[in-house]
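Going by numbering that gives the first Met the number 0, the first residue of the sequence shown is number 0, and it counts up by one from there.
Below is one structure, written out as structure tokens; the observations come after it.
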Amino acid sequence: MFDIIGDIHGCCEEMIDLLKKLDYEPDHEKIAHPANRKPVFLGDLTDRGPASVNVITKVASWVKADRALYCPGNHCNKLYRYFLGRKVVVSHGLETTVAELEQLDAKSYEHVSSMFRRLYEAAPLYLVLDHGNLVVAHAGIRPSDIGKSNKSVQTFVLYGDITGKKHSDGRPVRRDWSKKYSYECTVVYGHSPVKEPRQIGNTINIDTGCVFGNALTAYRWPEKQTVSVPSKQPYIEEKFHPVDPHDVSRLSGSPGTRN
Numbered sequence: 000m001f002d003i004i005g006d007i008h009g010c011c012e013e014m015i016d017l018l019k020k021l022d023y024e025p026d027h028e029k030i031a032h033p034a035n036r037k038p039v040f041l042g043d044l045t046d047r048g049p050a051s052v053n054v055i056t057k058v059a060s061w062v063k064a065d066r067a068l069y070c071p072g073n074h075c076n077k078l079y080r081y082f083l084g085r086k087v088v089v090s091h092g093l094e095t096t097v098a099e100l101e102q103l104d105a106k107s108y109e110h111v112s113s114m115f116r117r118l119y120e121a122a123p124l125y126l127v128l129d130h131g132n133l134v135v136a137h138a139g140i141r142p143s144d145i146g147k148s149n150k151s152v153q154t155f156v157l158y159g160d161i162t163g164k165k166h167s168d169g170r171p172v173r174r175d176w177s178k179k180y181s182y183e184c185t186v187v188y189g190h191s192p193v194k195e196p197r198q199i200g201n202t203i204n205i206d207t208g209c210v211f212g213n214a215l216t217a218y219r220w221p222e223k224q225t226v227s228v229p230s231k232q233p234y235i236e237e238k239f240h241p242v243d244p245h246d247v248s249r250l251s252g253s254p255g256t257r258n
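Pasting the structure below:
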């Protein structure tokens, strides 16, 4: 049994609020659930939010203790390259994480860097769970790519179906891949903020833009229910991708599941 949690982006308080609402007992070193459920983090742990370092230390500890699962997002990939000393542009949110890191002393910095590098290096590109019935991939995955991990698959999983063009603010232009494919399994992803969980066929986007002031959402498996907590961050309307109501099926769930 799993609780898949959307893009946290440094919103540590909301992460803890959501885990408690899901009946977990989180502390720094371990996380426990009375029904032995596991949280699954689908990438983009850091950047833009106020407490990326705290998110790193908690999630890395839980994954190391085999109390949680994790697969990386594009922001995770960029932070990993930053920690390796590679040339990356410190922008699009990374600057907030770097500002936190620069406040640490040398020993603490190396500890956080080491924790994150180990977390990233041990992580699969995406997660195939429940005997192949559930796939968790940060920005999504093509049906024909499940089971593969080449460069093309990595680009799609981390960035989505990009066109090669960019918006005026530097973000890549992405195609709406979820309308193009049919899946026998359920694919849970994030990456593109939406105001409500977006279900098309067997694909579910649960990035409800916590860092942009909306909500942090989990998708419960096998119940196929969403659970959310409100964001504590300022609301930024223009950050959300428009949703065509004709494309979206209402996610099943018990009354009161959504806040």
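C-beta: ideal position from N, C-alpha, C; glycine also.
Remember, it's a predicted structure, so these values are computed and weren't measured experimentally.
Spatial neighbours of residue i in its chain, beta-carbon cut-off 8 angstroms, leaving aside the 5 residues before and after
i, result
"residue 16", "215 and 228"
"residue 181", "142, 200 and 201"
Residue i in three-state terms, based on DSSP
i, result
"residue 108", "helix"
"residue 224", "strand"
"residue 2", "strand"
"residue 127", "strand"
"residue 121", "helix"
"residue 216", "strand"
"residue 87", "coil"
"residue 24", "strand"
"residue 178", "helix"
"residue 68", "strand"
"residue 31", "strand"
"residue 142", "helix"
Boundaries of the beta strand (DSSP E) in which residue i is found, first to last residue
i, result
"residue 61", "Run containing residue 61: none in the beta strand (DSSP E); it sits in the alpha helix (DSSP H), 51 to 63."
"residue 198", "197 to 199"
"residue 185", "185 to 188"
"residue 203", "202 to 204"
"residue 133", "133 to 135"
"residue 39", "37 to 40"
Contact check, residue i vs residue j, beta carbons under 8 angstroms
i, j, result
"residue 56", "residue 78", "no"
"residue 41", "residue 187", "yes"
"residue 193", "residue 137", "no"
"residue 133", "residue 207", "no"
"residue 226", "residue 217", "yes"
"residue 223", "residue 199", "no"
"residue 92", "residue 74", "yes"
"residue 10", "residue 230", "yes"
"residue 108", "residue 118", "no"
"residue 54", "residue 14", "yes"
"residue 2", "residue 36", "yes"
"residue 104", "residue 72", "no"
"residue 88", "residue 97", "no"
"residue 135", "residue 126", "yes"
Cβ shell of residue i (< 6 angstroms), same chain only, five flanking positions each side left out
i, result
"residue 61", "30 and 67"
"residue 176", "139 and 160"
"residue 0", "36"
"residue 18", "25"
"residue 253", "Model confidence at residue 253 stands at a pLDDT of 36, short of 50, so the residue's coordinates are unreliable and nothing is read from them."
Chain-order list of residues whose beta-carbon lies under 7 angstroms from that of residue i (same chain, five-residue window excluded)
i, result
"residue 116", "79 and 82"
"residue 144", "152 and 155"
"residue 238", "192, 208 and 211"
"residue 256", "Residue confidence for residue 256 is low, a pLDDT of 42 falling below 50, so the modelled location carries little weight and cannot support an answer."
"residue 235", "211 and 212"
Selection from the options that minimises the alpha carbon distance to residue i
i, options, result
"residue 22", "64, 87, 100 and 38", "38"
"residue 140", "131, 122 and 160", "160"
"residue 129", "148, 101, 219 and 14", "219"
"residue 4", "65, 47 and 69", "69"
"residue 6", "175, 33 and 213", "213"
"residue 8", "49, 0, 26 and 32", "49"
"residue 28", "58, 112 and 34", "58"
"residue 84", "95, 102, 122 and 112", "112"
"residue 232", "47, 25 and 34", "47"
"residue 120", "95, 106 and 63", "63"
"residue 12", "203, 52 and 94", "52"
N- and C-terminal bounds of the alpha helix (DSSP H) containing residue i
i, result
"residue 239", "Residue 239 -> no alpha helix (DSSP H), and no H or E assigned at all."
"residue 155", "150 to 158"
"residue 20", "11 to 20"
"residue 82", "73 to 82"
"residue 93", "93 to 101"
Within-8 angstroms CB hit, residue i to chain B
i, result
"residue 55", "Included in the structure is just one protein chain, with no chain B present."
beta-carbon residue i near the ligand NAP non-hydrogen atom, thresh 7 angstroms
i, result
"residue 6", "Ligands in the displayed structure: none, and consequently the ligand NAP is not present."
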